[in-house]
Amino acid sequence: MTLMKEIEDRRAYRGLAPDPLPEDQVQRLLSAAHLAPSCFNKQSWRFVAVTGDALAGLRETLPEGNKWATRAPLIVVAVQKPSLDCRLDEGRDYAPFDLGLAVMSLVLQATHEGLVAHPIAGYSPGKVRKVLGIPEDYVVQTLVIVGQRGPDDLLTDWQKERETGPRQREPLEKVAFRNRWPDPTSG
Ligand SMILES: Cc1cc2nc3c(=O)[nH]c(=O)nc-3n(C[C@H](O)[C@H](O)[C@H](O)COP(=O)(O)O)c2cc1C
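First residue of the sequence shown? That's 455 in our numbering, and the numbers climb one at a time after it.
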């Protein structure tokens, strides 16, 4: 048994169905995030799972390019507070890193359950903060847009191509090395 199926199946899909998700499923996704590792177990992440009528205000924080996300039945707002986490030398602030680990756990569990879970950076963080009452000292890091796959009528042509076209990645050897950093003079 491997997790590669979920890792390969996950795509930044944008066509969503508005059907509400069962409460136990929402709780399971939050539990997946909750069980992620964090530096010194500081758990500097916080999540606001927004569903139902509460989504109306959040939709107003999305730009035209993320109109597709207005149909989602669940948006998990993921925030972190740097001062709650490890802050080590050479710029090693672990709060965003730990939040990323937790969000990926949620995303993979959602994928396993046949859902789309798509983190976005395109929203107004100030408006999200205001709508949800998030304190100033927390960074509104990402909105995870969650739902069943659905019609693509809210997508631009570029977005439609993106979710059906081939995966776009740098070559593995350009980003992953073995045993030591590559010699910059070779290749
Ligand atoms: C932190 C983050 C922010 C993103 N922001 C947006 C966004 O605002 N709108 C959007 O449509 N996709 C957004 N994406 C999706 C990426 O564009 C997508 O993951 C990337 O192109 C790779 O495609 P894939 O996830 O299908 O492999 C974001 C992804 C991440 C991880």
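The beta carbon of each residue, even a glycine, is placed where N, CA and C say it ideally should be.
All values derive from a computational prediction rather than experimental measurement.
Inset, instruction - Excluding the 5 residues preceding and the 5 following V585 in the sequence, name in chain order all residues of the same chain whose CB lies nearer than 8 Å to its CB. - result: Numbered from its first residue, the sequence shown carries residue 585 at position 131. Closer than 8 Å at Cβ, skipping near neighbours: G511, L512, E514, T515.
Inset, instruction - Apply the 10 Å Cβ neighbour rule to T639 and answer buried if 16 or more other Cβ atoms are within range, or exposed otherwise. - result: As a working mapping, residue 639 is identified with position 185 in the sequence shown. Flag for T639 reads exposed.
Inset, instruction - Please go through the same chain and pick out, in chain order, the residues whose beta-carbon is closer than 7 Å to the beta-carbon of I574, but skip the five residues on each side of it. - result: Counting from 1 along the sequence shown, the entry for residue 574 is found at position 120. Excluding positions up to five away in sequence, the list reads N520, A523, T596, L597, I599.
Legend entry - Runs of alpha helix (DSSP H) lying entirely within the segment 547-582, each at least 4 residues, in chain order: 549-566
Legend entry - Enclosing beta strand (DSSP E) for G601 [first to last residue]: The sequence position of residue 601 within the sequence shown is 147, counting from 1. Per DSSP, G601 belongs to the beta strand (DSSP E) from 593-601.
Legend entry - beta-carbon A466 near ligand 1 non-hydrogen atom, thresh 7 Å: Against the sequence shown, residue 466 aligns to sequence position 12. Flag set: Cβ of A466 near ligand 1.
Inset, instruction - Please classify L626: does DSSP put it in a helix, a strand, or coil? - result: Counting from 1 along the sequence shown, the entry for residue 626 is found at position 172. DSSP places L626 in helix when its eight states are reduced to three.
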